[in-house]
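Q:
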Amino acid sequence: MVHVFTSLVSSSLIVFVWISVVKHFQRPRRYKNCPCIMVLLYVFLMVAVVHCNAQTNTSLVLMGTESTQIFAITADDVVFVSSLPHSPENQIRGCSMCGYATHKASMFTCQMAAYELSSTQGKLNMDKLPRMNTNRRSGPLTFILDDRLYEAGGYGLTKTSDGESTYTSLNDVESLSLTSGRKWKAWKAEVDLPFPIQNTERSAAVVAGRVYQAGGTTFKRTSPNSSSGTYTMLNSLISWQLGDLEWTMLEPMAVARQDHCVVSTSNFLYAIGGSNGMTLSSVEKYDIETNTWSAVKALPRAMSYMACATYDNVIYVFHENNIYMYDMTTDEWRTSEAKSLERVRGAAAGIIM
77 MVHVFTSLVS SSLIVFVWIS VVKHFQRPRR YKNCPCIMVL LYVFLMVAVV HCNAQTNTSL
137 VLMGTESTQI FAITADDVVF VSSLPHSPEN QIRGCSMCGY ATHKASMFTC QMAAYELSST
197 QGKLNMDKLP RMNTNRRSGP LTFILDDRLY EAGGYGLTKT SDGESTYTSL NDVESLSLTS
257 GRKWKAWKAE VDLPFPIQNT ERSAAVVAGR VYQAGGTTFK RTSPNSSSGT YTMLNSLISW
317 QLGDLEWTML EPMAVARQDH CVVSTSNFLY AIGGSNGMTL SSVEKYDIET NTWSAVKALP
377 RAMSYMACAT YDNVIYVFHE NNIYMYDMTT DEWRTSEAKS LERVRGAAAG IIM
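Residues 77 to 429 (the working numbering) make up the sequence shown, in order.
(1) DSSP three-state label for residue 363, please.
(2) Which of the three DSSP states, helix, strand or coil, is assigned to residue 395?
(3) Thinking C-beta only, is residue 348 closer than 7 Å to residue 359?
(4) Please report the distance separating the alpha-carbon of residue 151 from that of residue 143.
(5) Return the CA-CA distance between residue 312 and residue 361, expressed in angstroms with no decimal places.
(6) Assuming residue 276 is part of the beta strand (DSSP E), what are its boundary residues?
(7) According to DSSP, what are the bridge partners of residue 408?
(8) Roughly how many whole angstroms lie between the Cα atoms of residue 251 and residue 218?
(9) Assuming residue 273 and residue 294 are in contact, meaning their beta carbons sit under 8 Å apart, how far apart are those beta carbons, in whole angstroms?
(10) Suppose you measure from the CA of residue 259 to the CA of residue 220; what does that come to, to the nearest Å?
(11) By the 10 Å Cβ neighbour count, where 16 or more other Cβ atoms means buried, how is residue 227 classified, buried or exposed?
(12) Considering only residues of the same chain and omitting the five flanking positions on each side of residue 396, which have a CB-CB separation below 7 Å?
(13) Can you pull the DSSP bridge partners for residue 250?
(14) Any idea what DSSP makes of residue 339, helix, strand or coil?
(15) Rounded to whole angstroms, what is the Cα-Cα separation between residue 161 and residue 412?
(16) When the Cα atoms are used, what is the spatial distance from residue 365 to residue 343?
(17) Roughly how far, in whole angstroms, is the beta-carbon of residue 214 from the beta-carbon of residue 230, given that I think they are within contact range, below 8 Å?
(18) Under three-state DSSP, which class holds residue 214?
(19) Tell me the residue span of the beta strand (DSSP E) that contains residue 309.
(20) Can you say whether residue 381 is buried or exposed, counting buried as having 16 or more other CB atoms within 10 angstroms of its CB?
(21) Find the nearest neighbour of residue 316 within the set 267, 328 and 255, judged by alpha-carbon distance.
(22) So, for residue 154: in the same chain, excluding its five sequence neighbours on each side, which residues have a beta-carbon less than 8 Å away from its beta-carbon?
(23) Using three-state DSSP, classify residue 381 as helix, strand or coil.
(24) Tell me whether the beta-carbon of residue 355 lies closer than 7 Å to the beta-carbon of residue 371.
(25) Could you check if residue 426 is buried or exposed, using at least 16 other CB atoms within 10 Å of its CB as the buried criterion?
(26) List the whole-angstrom C-beta distance separating residue 263 from residue 206, where the pair is believed to meet the contact cut-off of C-beta under 8 Å.
(27) Secondary structure at residue 161, three-state DSSP: helix, strand or coil?
(28) How should residue 280 be labelled, buried or exposed, when 16 other C-beta atoms within 10 angstroms of its C-beta is the threshold for buried?
(29) State the Cα-Cα distance for the pair residue 290 and residue 254, rounded to the nearest angstrom.
(30) To which residues does DSSP link residue 260 through a beta bridge?
(31) So what's residue 373 in DSSP terms, helix, strand or just coil?
(32) Where does residue 286 fall in DSSP's three states?
(33) Compare the Cα-Cα distances from residue 350 to each of 367, 363, 375 and 368 and report the closest residue.
(34) Among 406, 338 and 409, which has the Cα closest to the Cα of residue 384?
(35) Among 283, 245 and 282, which has the Cα closest to the Cα of residue 269?
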């Protein structure tokens, strides 16, 4: 709706200015370069309109338990546009422990089952994907790479060496092709993670065809046949791309964290908030070229289970009912005037062009 309104206003402005210029140059006094000036003015207006429309055609999407909310991105804030309620049978339970990824005009959520969410004429569509090979109860790493949806690690059901079933951290990886339309194929086994990881549902980012994953938690059994063990918070950073036979270990973060967000832009990653026995406000920036981490401006308050997205050098963080925006160029946070209609605790956020 915002896009349509802006297009109408912009078109009206072009017509008005164009008619005014034509009338002006139809007066008795004439200038030699009138046609050139008129053409240049027309081109300038068209470029301005295209730029304006491109801005308003970019949506910030927040998918929660009860609804999917759409916000328009403006020059210095976001504006609430609409809310698409989830039908009772499509409400996402345990939303804070799901993995999420956006791809083209769809958003994917994966936990004990995988779904594709899309919107058609104001109606939210939720289509169930084929069953994964592994029962990932919570906290999987979710990302899109080369038109494939990847699920990695998480907390799920596995068997001990004596055949007993137990829940533990996982290290297996599987992927599903997104290019086959509604004729979904089976999930395919991929290169395992270097160690079991869970609580990583928003901790991955893809840059130039390579996925980066930071932090999370790992579980280590006290013995091979035991269901008990110890959990360890991670500050690790690992990376993988198509063709690699194993994941690469990179420079770890300064602070171990889980239930945090990782977003990317050009050659940088940002690890935001989370917890490690206490809720964190710290934010770390990773330089991909130099393989180094540095601290940047902390969040306005400590938080975990946020939803994060990035667009045009701005990071958007949804937490509870608030929206926080970080400007990468000025290293400053500010709070949006807009509010989320639904209290956010681990929802999904993404940019839909």
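Built from N, CA and C at the ideal position, the CB exists for glycine as well. Quick caveat: nothing in here was measured; it's all calculated off a predicted structure.
A: Let me spell this out:
(1) strand
(2) strand
(3) yes
(4) 26 Å
(5) 14 Å
(6) From DSSP, residue 276 is part of no beta strand (DSSP E); its letter is neither H nor E.
(7) BP columns for residue 408 point to 403.
(8) Roughly 10 Å between the two C-alpha positions.
(9) 6 Å
(10) Counting only the Cα atoms, residue 220 lies some 18 Å from residue 259.
(11) With 16 or more other Cβ atoms within 10 Å, it is buried.
(12) Within the same chain, residue 396 has close Cβ partners 419 and 420.
(13) For residue 250, the beta-bridge partners assigned by DSSP are 227 and 265.
(14) strand
(15) 23 Å
(16) So the alpha carbons of these two residues sit roughly 7 Å apart.
(17) 6 Å
(18) strand
(19) 305-317
(20) Classification of residue 381: buried, given that the 10 Å Cβ count is 16 or more.
(21) 267
(22) 136, 147, 148, 392, 399, 401, 412 and 414
(23) Coil.
(24) no
(25) Residue 426 should be labelled buried.
(26) The distance from the Cβ of residue 263 to that of residue 206 is about 6 Å, consistent with a contact at the 8 Å cut-off.
(27) strand
(28) Counting of Cβ neighbours within 10 angstroms places residue 280 among the buried residues, the total reaching 16 or more.
(29) 25 Å
(30) Its beta-bridge partners do not exist; DSSP assigns none.
(31) coil
(32) Strand.
(33) 375
(34) 338
(35) 245
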